[in-house]
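Undergrad: Residue numbers (the numbering used here): 19 to 609. The beta carbon of each residue, even a glycine, is placed where N, CA and C say it ideally should be. Since the structure is predicted, the reported quantities are computational estimates derived from the model, not experimental observations.
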Amino acid sequence: MRITCPRAASSLIAFSGLIYGTLAKPHATRDSTEFSWASLASSSNPSWTPCYDAFQCTRFTVPLQYSNLSAGEAQIALLMSPSSFKPGDENYLGPILFNPGSGVQYILELADYFRAIIGPKYDLVGFDPRGVGETTPPLAIFESPVEALEFYSSFPVNSNESVSSLGKLYTQSKILSNLVLDRAKDVAESVSTAAVATDMLAITKAFGFDKLSYWGVSYGSVLGATYAAMFPDNVGHLLIDGVVNSHDWYGGPRNLFSSLQDADQALTSIYEACHKVGPTLCAIYENSTDLISARVNKIINDVHILPVPVYNDTDLSSITFGSVDYSVLISQLLHIVYFPYALASIGAEGLVQLEQGTSGAIAFQGSLTQSVEDFATCEFNSSQPFVAGLVETMSAILCGDALVNQTLTFPELQSSYDQQVSISIFAPYVFNIGPGPCTSWPVSGKDRFNGSFITNTSSPILLIGNTLDPITPIAGARNMSSGFAGSVMLQQNSTGHTTLSGFSTCTALAIHAYFANGTLPAPGTVCQPDTTIFQNPANSSAEGGIVNITIPNARRGEPEAYTLREAVDVATRSTFMAKYSVMGRMMRRAF
Numbered sequence: 019m020r021i022t023c024p025r026a027a028s029s030l031i032a033f034s035g036l037i038y039g040t041l042a043k044p045h046a047t048r049d050s051t052e053f054s055w056a057s058l059a060s061s062s063n064p065s066w067t068p069c070y071d072a073f074q075c076t077r078f079t080v081p082l083q084y085s086n087l088s089a090g091e092a093q094i095a096l097l098m099s100p101s102s103f104k105p106g107d108e109n110y111l112g113p114i115l116f117n118p119g120s121g122v123q124y125i126l127e128l129a130d131y132f133r134a135i136i137g138p139k140y141d142l143v144g145f146d147p148r149g150v151g152e153t154t155p156p157l158a159i160f161e162s163p164v165e166a167l168e169f170y171s172s173f174p175v176n177s178n179e180s181v182s183s184l185g186k187l188y189t190q191s192k193i194l195s196n197l198v199l200d201r202a203k204d205v206a207e208s209v210s211t212a213a214v215a216t217d218m219l220a221i222t223k224a225f226g227f228d229k230l231s232y233w234g235v236s237y238g239s240v241l242g243a244t245y246a247a248m249f250p251d252n253v254g255h256l257l258i259d260g261v262v263n264s265h266d267w268y269g270g271p272r273n274l275f276s277s278l279q280d281a282d283q284a285l286t287s288i289y290e291a292c293h294k295v296g297p298t299l300c301a302i303y304e305n306s307t308d309l310i311s312a313r314v315n316k317i318i319n320d321v322h323i324l325p326v327p328v329y330n331d332t333d334l335s336s337i338t339f340g341s342v343d344y345s346v347l348i349s350q351l352l353h354i355v356y357f358p359y360a361l362a363s364i365g366a367e368g369l370v371q372l373e374q375g376t377s378g379a380i381a382f383q384g385s386l387t388q389s390v391e392d393f394a395t396c397e398f399n400s401s402q403p404f405v406a407g408l409v410e411t412m413s414a415i416l417c418g419d420a421l422v423n424q425t426l427t428f429p430e431l432q433s434s435y436d437q438q439v440s441i442s443i444f445a446p447y448v449f450n451i452g453p454g455p456c457t458s459w460p461v462s463g464k465d466r467f468n469g470s471f472i473t474n475t476s477s478p479i480l481l482i483g484n485t486l487d488p489i490t491p492i493a494g495a496r497n498m499s500s501g502f503a504g505s506v507m508l509q510q511n512s513t514g515h516t517t518l519s520g521f522s523t524c525t526a527l528a529i530h531a532y533f534a535n536g537t538l539p540a541p542g543t544v545c546q547p548d549t550t551i552f553q554n555p556a557n558s559s560a561e562g563g564i565v566n567i568t569i570p571n572a573r574r575g576e577p578e579a580y581t582l583r584e585a586v587d588v589a590t591r592s593t594f595m596a597k598y599s600v601m602g603r604m605m606r607r608a609f
């Protein structure tokens with residue numbers, strides 16, 4: 019039985035960020051009451067085993083370092099929702115690989131959603147990149163939950179929390195750098211994006227195909243762009259959504275402050291939506307957008323001075339407690355801006371409760387509470403490897419990919435921080451999880467990418483960006499599209515992180531057509547979302563009618579006939595619930 023243990027830096031988990039989904043199982047041992055990945059033999063010719071009811075799982079062996087084949091091997095965890103058609107059938111189109119960070123958890127939770135959009139002809143394959151989730155060897159920097167808790171209890175979640183927060187970040191980053199050198203240097207050197215891109219080609223060829231079909235989200239867009247740059251002749255249908263500017267990614271983590279350029283405007287768009295719908299639907303309504311903003315800013319300032327306690331003794335066998343402080347509130351606001359169509363209403367209610375001195379919805383949205391029982395029974399199986407958390411994983415990949423030296427003295431760190439932090443209210447939070455630890459990170463990837471993103475690919479790429487994405491601004495999609503000849507950028511006119519944050523039938527039909535036959539939307543296409551923030555779903559934004567498709571139900575493995583409209587209606591509801599559930603479970607496990 020896997021028992022996860024809480025840790026103090028809970029609000030770290032709210033930031034899915036550029037490595038969206040890497041925390042499928044943070045700070046946990048790898049055995050599972052549902053399925054044991056450790057029981058699967060790994061092979062370069064993988065055989066699939068039934069898992070999690072209607073899915074299939076395998077472990078795929080690849081070199082630990084492609085530049086040094088004697089360095090050992092890695093075992094990539096793959097989870098598949100099979101096509102309705104078998105290899106050899108003319109309708110079978112092979113695998114589509116998915117990755118936002120943890121592709122295994124992604125497909126496990128959202129297979130029905132993707133199946134509804136794509137149809138039955140592909141295998142939907144999620145994989146955990148090196149150092150993440152079920153892939154081995156693990157990035158085992160901490161040896162126990164207690165040790166991880168000791169580290170994270172002193173790790174500042176937000177550099178604006180107190181006058182010493184930036185100094186604490188610098189100190190803890192130094193400790194982290196020593197730990198990785200002593201305990202996980204070989205693994206940390208082997209988790210580069212370029213290595214994972216090479217893994218994707220190997221996985222595709224293991225299915226008998228030479229060209230990759232792929233849907234990458236957030237950090238998965240860096241993977242997709244890197245793959246296309248490294249293997250332009252092996253590109254099939256490659257979609258990247260929530261597009262990171264990969265030039266900035268490889269140019270050094272401090273360049274990633276530009277990823278927040280639309281974040282505050284995205285938050286403002288939620289205030290605008292609140293003002294538009296009125297007080298019945300939005301709990302923080304005021305007579306103008308500026309007044310709503312001022313009200314929220316006052317709540318933030320008040321909580322910064324006096325955090326709000328959380329205490330729930332409804333069930334005395336599992337008392338929950340904690341507090342909503344400045345860092346927690348900022349992280350939750352970012353979470354709301356990531357998924358405003360799903361979370362803005364409950365977020366507004368939570369803000370009002372904080373204003374009144376009670377924790378309410380904000381506290382329980384990501385489970386910012388703490389169970390006494392969890393600490394009392396915190397155990398783990400010491401015979402099993404210990405899975406890394408967000409900061410370790412983020413640092414190993416992001417810092418290790420950088421082509422420039424990121425090491426800074428503390429005065430240099432202060433100067434860099436002061437120059438860039440004003441870009442967004444969320445910058446001090448994002449800095450601590452992303453660029454901050456890189457200032458001391460001692461390990462670079464052995465197989466780093468150092469090529470050009472200007473290339474001709476064997477098939478044109480589809481890029482999608484939201485009008486107001488808080489962490490991957492649409493400028494990133496435009497920038498990357500300009501380098502890939504023949505590519506098209508589709509704009510979804512919504513707020514939130516990636517198209518998963520707000521459903522659009524128009525976008526779904528474009529994706530369906532792209533994977534079905536390679537059809538790209540017309541350049542300049544703008545898709546409207548089906549929903550509006552604080553309101554129920556509107557009518558379909560699709561034009562030209564709704565296509566009929568037959569999809570297999572991933573949970574039961576049997577075909578079901580739907581129109582795309584009906585399917586995406588079901589999938590949209592389940593996606594938001596699943597994503598909310600996944601985020602909540604991740605946060606509860608880590609606290």
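Pull up the DSSP beta-bridge partners for phenylalanine 116, would you.
TA: According to DSSP, residue pairing for phenylalanine 116 in a beta bridge involves Gly144, Trp233.
Undergrad: Please go through the same chain and pick out, in chain order, the residues whose beta-carbon is closer than 6 Å to the beta-carbon of glycine 365, but skip the five residues on each side of it.
TA: Ile354
Undergrad: According to DSSP, which residues form a beta bridge with arginine 77?
TA: Ser60, Ala95
Undergrad: Please state the DSSP three-state secondary structure of phenylalanine 502.
TA: strand
Undergrad: Secondary structure at histidine 515, three-state DSSP: helix, strand or coil?
TA: coil
Undergrad: Suppose you measure from the CA of isoleucine 545 to the CA of alanine 281; what does that come to, to the nearest Å?
TA: Contrary to the premise, residue 545 reads as cysteine rather than isoleucine in this sequence. Each residue's Cα considered, the two are about 21 Å apart.
Undergrad: On the three-state DSSP scale, how would you describe leucine 421?
TA: Here DSSP, grouped into helix, strand and coil, assigns leucine 421 to coil.
Undergrad: With a threshold of 6 Å on Cβ separation, who are the neighbours of glutamine 438 within its own chain once the five nearest residues in sequence on each side are excluded?
TA: Phe275
Undergrad: So, under 8 Å CB-CB, serine 413 and leucine 194 are touching, yes? Tell me the CB distance rounded to an integer number of Å.
TA: 7 Å
Undergrad: Is the beta carbon of glycine 514 less than 8 Å from the beta carbon of isoleucine 472?
TA: no
Undergrad: Count the other C-beta atoms from every protein chain shown that fall within 10 angstroms of the C-beta of glycine 536, then say buried if there are 16 or more, exposed otherwise.
TA: exposed
Undergrad: Can isoleucine 551 and glutamine 510 be called in contact, C-beta distance under 8 Å?
TA: No, these two residues do not count as a Cβ contact at 8 Å.
Undergrad: From which residue to which residue does the beta strand (DSSP E) around tyrosine 329 run?
TA: 326-330
Undergrad: Under the assumption that serine 60 contacts threonine 79 (Cβ atoms under 8 Å), give the Cβ distance between them as a whole number of angstroms.
TA: 5 Å
Undergrad: According to the Cβ coordinates, are asparagine 176 and tyrosine 289 closer than 8 Å?
TA: no
Undergrad: From which residue to which residue does the beta strand (DSSP E) around isoleucine 482 run?
TA: 480-486
Undergrad: At the level of alpha carbons, what is the spacing between phenylalanine 53 and leucine 508?
TA: 39 Å
Undergrad: Under three-state DSSP, which class holds glutamine 546?
TA: coil
Undergrad: Is it buried or exposed for alanine 540, if we count other Cβ within 10 angstroms and need 16 for buried?
TA: exposed
Undergrad: Taking cysteine 69 as part of the beta strand (DSSP E), name the residues at either end of that continuous run.
TA: 67-69
Undergrad: Just the C-alpha distance for isoleucine 94 and aspartate 548, rounded to the nearest angstrom, thanks.
TA: 37 Å
Undergrad: For serine 231 versus glycine 144, is the C-beta spacing smaller than 8 Å?
TA: no
Undergrad: Could you tell me which whole alpha helix (DSSP H) segments of length 4 or greater appear in the segment 315-367?
TA: 344-356
Undergrad: If leucine 285 and leucine 241 are in contact, beta carbons under 8 Å, what's the gap, nearest whole angstrom?
TA: About 28 Å separates the two Cβ atoms, so there is no contact after all.
Undergrad: For serine 29, count the other beta carbons within 10 Å of its own beta carbon; 16 or more makes it buried, fewer makes it exposed. Which is it?
TA: Because serine 29 carries a pLDDT of 30, less than 50, the predicted location of this residue cannot be relied on, and the following value inherits that uncertainty. That one is buried.
Undergrad: Suppose contacts are defined by Cβ-Cβ distances below 8 Å. Is glutamine 424 in contact with threonine 457 by that definition?
TA: yes
Undergrad: By the three-class DSSP mapping on this structure, what secondary structure does asparagine 450 have?
TA: helix
Undergrad: Assign alanine 312 to one of two classes, buried (16 or more other C-beta atoms within 10 Å of its C-beta) or exposed (fewer than that).
TA: exposed
Undergrad: List, from N- to C-terminal side, the alpha helix (DSSP H) runs of 4 residues or more that fit wholly inside the segment 224-284.
TA: 237-248, 264-269
Undergrad: Between the segment 145-153 and the segment 523-532, do at least 3 Cβ pairs fall closer than 8 Å?
TA: No: fewer than three Cβ pairs fall under 8 Å.
Undergrad: Are there 16 or more other CB atoms within 10 angstroms of the CB of valine 188, so buried, or fewer, so exposed?
TA: Note on residue identity: the sequence assigns tyrosine, not valine, to residue 188. Tyrosine 188 counts as buried, since no fewer than 16 other beta carbons sit within 10 angstroms of its beta carbon.
Undergrad: Kindly list the residues whose CB is nearer than 6 Å to the CB of proline 358, restricted to its own chain and excluding five residues on each side of it in sequence; keep chain order.
TA: Same-chain partners within the cutoff: Ile288, Thr513, Gly514, Ile551.
Undergrad: Return helix, strand or coil for glutamate 168, following the three-state DSSP convention.
TA: helix
Undergrad: In whole angstroms, give me the CA-to-CA distance for glutamate 373 and isoleucine 348.
TA: 15 Å
Undergrad: Looking at the unbroken alpha helix (DSSP H) that takes in glutamate 127, where does it start and where does it end?
TA: 121-136
Undergrad: Name the one or two DSSP bridge partners that glutamine 510 has.
TA: Residue pairing for glutamine 510: DSSP places it in a beta bridge opposite Asn484, Cys545.
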